[in-house]
Amino acid sequence: MTAEADAPPTGPTGPTGPTGPRSIEQRMREALERLDRDIDVWVATADATGEPTLVPLAFWWDGATVWLATRDTNPTGRNLIASGRVCLSFGHTRDVVLMHGTARALSREELPPGVGDAFTAKDGWDPREDHASYVWFQVTPDRIQAWGTVAEMRDRDLMRDGKWLVRGN
0 MTAEADAPPT GPTGPTGPTG PRSIEQRMRE ALERLDRDID VWVATADATG
50 EPTLVPLAFW WDGATVWLAT RDTNPTGRNL IASGRVCLSF GHTRDVVLMH
100 GTARALSREE LPPGVGDAFT AKDGWDPRED HASYVWFQVT PDRIQAWGTV
150 AEMRDRDLMR DGKWLVRGN
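Under numbering that gives the first Met the number 0, the residue at position 116 of the sequence shown is numbered 115, and the numbers go up by one with no gaps.
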């Protein structure tokens, strides 16, 4: 991620500014901007015994779901295939967007038209041209939260049960 993308919000409209916490509408706008702009995301999964795995992966947000690619032979790939459960963390600890969701594995052949090209255009890397063990994952969000500091812990849910809570989405 770039330093600019990682910079915490500042000034009168940021969570640490004199006007207090950002409105949920502002957090929604900024969360969607982050999903469009950021290159990498922290991906948290667990195996059947509960052993956690946390790795950064490139991603592409299509406006409704997050697309990831990783090898089906590594712990993250195996965990996503086995359970489909994932937690994604965008940003940094003072301006975080958390997404809990369900991942669906797709082979290169099953990839919908345009997804691979859009992913490659954003990231500069094409998993379709890499090792054959790379699998695609489409993450459908169930819950999305956004907050900066303790002042924004209240009303941090932007989506719950797959439904946006903020009007206009």
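Virtual Cβ for every residue (Gly too), placed ideally from N, Cα, C. Predicted model, so just to flag it, every value in this text is computed and none were measured.
| query | result |
| --- | --- |
| Take the Cβ of Trp-124 as the centre, count every other Cβ of all protein chains shown within 10 Å, and call the residue buried at 16 or more, exposed below. | exposed |
| Quick check: the Cα distance between Thr-148 and His-99, rounded to an integer number of angstroms? | 20 Å |
| Assign Gly-19 to one of two classes, buried (16 or more other C-beta atoms within 10 Å of its C-beta) or exposed (fewer than that). | exposed |
| Answer with buried or exposed for Pro-140, where buried requires no fewer than 16 other C-beta atoms within 10 angstroms of its C-beta. | buried |
| I'd like to know whether the C-beta atoms of Thr-44 and Val-95 end up nearer to each other than 7 Å. | no |
| From Arg-127, Arg-103, Leu-157 and Leu-110, pick the residue whose C-alpha is nearest to that of Gln-137; which is it? | Arg-103 |
| Would you decide whether Met-152 is buried or exposed? Buried here means 16 or more other CB atoms lie within 10 Å of its CB. | exposed |
| In whole angstroms, what separates the C-alpha of Ser-22 from that of Ala-57? | 29 Å |
| Just grab the DSSP bridge partners of Ile-143 for me. | Met-98 and Met-158 |
| With DSSP collapsed to three states, give me the class of Pro-55. | strand |
| Compare the Cα-Cα distances from Ala-63 to each of Leu-79, Leu-34 and Thr-75 and report the closest residue. | Leu-34 |
| Using 7 Å as the threshold, is the C-beta distance between Val-42 and Thr-75 below it? | yes |
| Thinking Ala-145 and Ala-30 are a contact (beta carbons under 8 Å), I'd like their distance in whole angstroms, please. | 4 Å |
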